[in-house]
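Notes follow once the structure below has been shown.
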Amino acid sequence: MNFSLMTIEEILKLQEEGKVTPQQVWEFFLKKREEWEPRINSFITTVNRMEGNGIPAGIKDNITVKGLPTTCASRILQNYIAPYSATAWERLSSAGFSLSGKTNLDEFAMGSSTENSHYGPTRNPWDLDRTAGGSSGGSAAAVAAGAVKFALGSDTGGSVRQPASFCGVVGLKPTYGRISRFGLVAFASSLDQIGILTTNVKDSALIFSIIAGHDPKDSTSSRAPVPDYSEIFAELPENFTFVFPDDELLERAEPEVRKEFSLFVKLAEKLGGRGKQVKMPLLDYAMEAYYIVANAEASSNLARYDGVRYGLRERAKDLLEMYIKTRTTGFGPEVKRRILTGGFVLSRGYYEGYYGKAVSFRKALASFMEELFSSAEFLLIPTTPHTAFKLGEKQEPLEMYLEDFFTVFVNLAGLPAISIPWGLINGLPIGFQIVSKWYNELGMFRLAYLMEKEISFKNKLIQKEV
Amino acid sequence: MNRRPASESFKLLRIEEDEELASQLGRIFSWVGKLQSLELNQEYAFYPPGLSLLAREDRVILFKERESLLSLAPEIKDGFFVVPRVL
Numbered sequence: 002m003n004f005s006l007m008t009i010e011e012i013l014k015l016q017e018e019g020k021v022t023p024q025q026v027w028e029f030f031l032k033k034r035e036e037w038e039p040r041i042n043s044f045i046t047t048v049n050r051m052e053g054n055g056i057p058a059g060i061k062d063n064i065t066v067k068g069l070p071t072t073c074a075s076r077i078l079q080n081y082i083a084p085y086s087a088t089a090w091e092r093l094s095s096a097g098f099s100l101s102g103k104t105n106l107d108e109f110a111m112g113s114s115t116e117n118s119h120y121g122p123t124r125n126p127w128d129l130d131r132t133a134g135g136s137s138g139g140s141a142a143a144v145a146a147g148a149v150k151f152a153l154g155s156d157t158g159g160s161v162r163q164p165a166s167f168c169g170v171v172g173l174k175p176t177y178g179r180i181s182r183f184g185l186v187a188f189a190s191s192l193d194q195i196g197i198l199t200t201n202v203k204d205s206a207l208i209f210s211i212i213a214g215h216d217p218k219d220s221t222s223s224r225a226p227v228p229d230y231s232e233i234f235a236e237l238p239e240n241f242t243f244v245f246p247d248d249e250l251l252e253r254a255e256p257e258v259r260k261e262f263s264l265f266v267k268l269a270e271k272l273g274g275r276g277k278q279v280k281m282p283l284l285d286y287a288m289e290a291y292y293i294v295a296n297a298e299a300s301s302n303l304a305r306y307d308g309v310r311y312g313l314r315e316r317a318k319d320l321l322e323m324y325i326k327t328r329t330t331g332f333g334p335e336v337k338r339r340i341l342t343g344g345f346v347l348s349r350g351y352y353e354g355y356y357g358k359a360v361s362f363r364k365a366l367a368s369f370m371e372e373l374f375s376s377a378e379f380l381l382i383p384t385t386p387h388t389a390f391k392l393g394e395k396q397e398p399l400e401m402y403l404e405d406f407f408t409v410f411v412n413l414a415g416l417p418a419i420s421i422p423w424g425l426i427n428g429l430p431i432g433f434q435i436v437s438k439w440y441n442e443l444g445m446f447r448l449a450y451l452m453e454k455e456i457s458f459k460n461k462l463i464q465k466e467v
Numbered sequence: 236m237n238r239r240p241a242s243e244s245f246k247l248l249r250i251e252e253d254e255e256l257a258s259q260l261g262r263i264f265s266w267v268g269k270l271q272s273l274e275l276n277q278e279y280a281f282y283p284p285g286l287s288l289l290a291r292e293d294r295v296i297l298f299k300e301r302e303s304l305l306s307l308a309p310e311i312k313d314g315f316f317v318v319p320r321v322l
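From first to last, the protein sequence lines are chains A and B.
The first sequence begins at 2 in my numbering and counts up by one.
The second sequence begins at 236 in my numbering and counts up by one.
Printed below as a string of structure tokens:
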């Protein structure tokens, strides 16, 4: 039996009927992991002990699991063992899922290619010379290769959806506050959100229904009711409204992506949607606002890595020298660049012009999105401007930042979005996003499921029996 | 370019005389500066709908496994963190 091609619900049903055992499921995915891992480097830590139903999860290595390392792919945390588990993992563990390992990422989730990992880059299983995306590249690659059934990532500016698009899997970024951030190592607290990577929309909805919901340990977690999984697909949209960006904005994507996206829009219309093209001029400024807000918050959040309470400590003659040596050798170049820019935009004389402006921009963007969703239920938009690029191809930081053009506005406004695989361009996967208004994950799942059925994307990597 | 803004995070990193880094940062500051051309209302607080500034009740919750936290420190003595001399 090929468990990679089944939904989690189907595997659990087979277990209930006594047709398969948790051990068989666990061993199936373990073999896949052993087959792929030497080539793709999607894990930082692996676990070989099965628990519960044997369905394995990958957890991004910036999410804590008690007793295991949480390195954030950084030298500064290479010996850190988490003394507590993240609420998201606690809930999955209580539901019976097994942990297959902690997945690779860009250091502290800062990057779009997993090349900023202290543990080496993750390679895209579709083409080993290419990036799996980032920062949740390890999670996306492991799911795409069938090494795990699903994975958690974190999405601060597109870090779940972009690798999902590059690897041909489903990537969910819920509404800000839907999933507790307790145990997620903070990068930019007002933007960070735990997300889910799966091979299909139903699994995404199931895992969401398990881990979403208020947590007293995270004061920013929402008290909004979470849709019951058994009801999510009870009805599907028949007549719905959606908007999509005008040609000027779509110029940001490569021609092949634009061509495929127009077919994606046509499919939505064929399924009963009434679509309208809209101008979204504010999106031209979203990248800049994002990098100001994210780096400002990162410069503050990362001040805790000082060699006193945990993590790396370099020997020095006095305290100040210890701080400086520890942070200078412990952080990689991208993290340093972000701390420096974050410190700058918060400094006296620059605060109003940079940080103040960026926060005002968020407010304006959220108002714009609110108006947009008063006339339509969904926004359809590409996830990435192109398919996965080659490892080492983007050396200039600015060029890498622009990778997130179609995703960061979602985080700035705190909206939910899901990227679903559409097809292949020159043999590489491409995904497109469905974005909806705050807390409408249910509507988003229903449309994504409806479209997924029609698209019927075949992930060739998981077709083979073990 | 100002290499030493008044920020704690800045002070705690040693930036070598690295021309490439300096020019990268120059390009990043110039790029994010584009935002300054936008006319916006000065509304600073932003929360997604349904969330506002939620503060937890101000009470101490003891972490039961205090020793496990202390054991992560590079150096401890009698339950305190040990650091190199300050001055």
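Glycine included, each C-beta is placed from N, C-alpha and C at the ideal position.
Keep in mind it's a predicted model, so treat the numbers as computed, not measured.
query	result
Lys312/B: contacting residues in chain A (beta-carbon distance under 7 angstroms)	Those do not exist, as Lys312/B stays about 13 angstroms from chain A at its closest Cβ, beyond 7 angstroms.
Cβ contact (3+ pairs, closer than 8 angstroms) linking the stretch 420-435 of chain A and the stretch 161-177 of chain A	yes
Inside the stretch 183-210 of chain A only - beta strand (DSSP E) runs reaching at least 3 residues	195-199
C-beta neighbour in chain B for Arg253/A, strict 8 angstroms	no
Arg162/A versus Leu237/A, Leu198/A, Leu313/A and Thr88/A, residue with shortest Cα-Cα distance	Leu198/A
Alpha carbon of Asn54/A to alpha carbon of Trp266/B, nearest angstrom	50 angstroms
Where Phe316/B meets chain A, residues with beta-carbon distance less than 7 angstroms	Val309 and Arg310
Proximity of Ala359/A and Ile293/A at Cβ, strictly below 8 angstroms	yes
Ala418/A: first and last residue of the uninterrupted beta strand (DSSP E) it sits in	Ala418 to Ile426
Length at least 3, wholly inside the stretch 376-440 of chain A: the beta strand (DSSP E) runs in chain order	379-383, 418-426 and 429-437
Same chain, Cβ closer than 6 angstroms to Leu347/A, five either side skipped, listed in chain order	Ala297 and Tyr356
Straight-line gap, Tyr324/A to Phe315/B (C-alpha atoms, nearest Å)	18 angstroms
Min CB distance Arg294/B to chain A below 8 angstroms	no
Buried or exposed (CB count within 10 angstroms, at least 16 for buried), Lys203/A	buried
CB-CB length for Ala213/A against Arg179/A, believed under 8 angstroms	5 angstroms
Test item: CB-CB of Lys103/A and Phe151/A under 8 angstroms	no
Residue span of the beta strand (DSSP E) that contains Gly154/A, given as start and end	Phe151 to Ser155
Contact set between Ala290/B and chain A, taken where Cβ atoms lie within less than 7 angstroms	Ser220
Residue-chain proximity (Ala257/B, chain A), Cβ-Cβ < 8 angstroms	no
Distance between Lys61/A and Trp90/A (C-alpha atoms, nearest Å)	11 angstroms
C-beta neighbour in chain B for Leu399/A, strict 8 angstroms	yes
Whole-angstrom distance between Ser114/A and Gly258/A, CA atom to CA atom	It should be pointed out that residue 258/A corresponds to Val in this sequence rather than to Gly. Cα-Cα distance, rounded: 19 angstroms.
Within-8 angstroms CB hit, Leu297/B to chain A	no
DSSP three-state assignment for Ile45/A, whether helix, strand or coil	strand
Contacts of Glu300/B in chain A (Cβ-Cβ under 7 angstroms)	Pro84
Proximity to Ser191/A [Cα-Cα], best of Asn302/A, Lys33/A, Asp247/A and Arg275/A	Asn302/A
Residue-chain proximity (Trp423/A, chain B), Cβ-Cβ < 8 angstroms	no
Beta-carbon contacts of Ala189/A that lie in its chain and below 6 angstroms, excluding the five residues immediately before and after	Thr157, Ala295, Glu298 and Ala299
Under 7 angstroms (Cβ pairs) to chain B, residues found in the stretch 364-392 of chain A	Lys364, Ala365 and Ala367
Residues that DSSP places opposite Ala58/A in a beta bridge	Leu100/A and Phe151/A
Beta-carbon spacing of Leu413/A, Ala290/A below 8 angstroms	yes
Same chain, Cβ closer than 7 angstroms to Pro240/B, neighbours up to 5 away in sequence not counted	Because the pLDDT at Pro240/B is just 40, under 50, the model does not fix this residue reliably, and the value given afterwards should be weighed accordingly. Contacts found: none.
Interface flag, Glu289/A vs chain B, CB-CB below 8 angstroms	yes
Bridge-paired residues (DSSP) for Val171/A	Thr199/A
Stretch pair the stretch 119-139 of chain A + the stretch 5-17 of chain A: three plus CB contacts closer than 8 angstroms	no
Minimum C-alpha distance to Ile419/A - residue among Phe109/A, Asn201/A, Ser136/A and Asn105/A	Asn201/A
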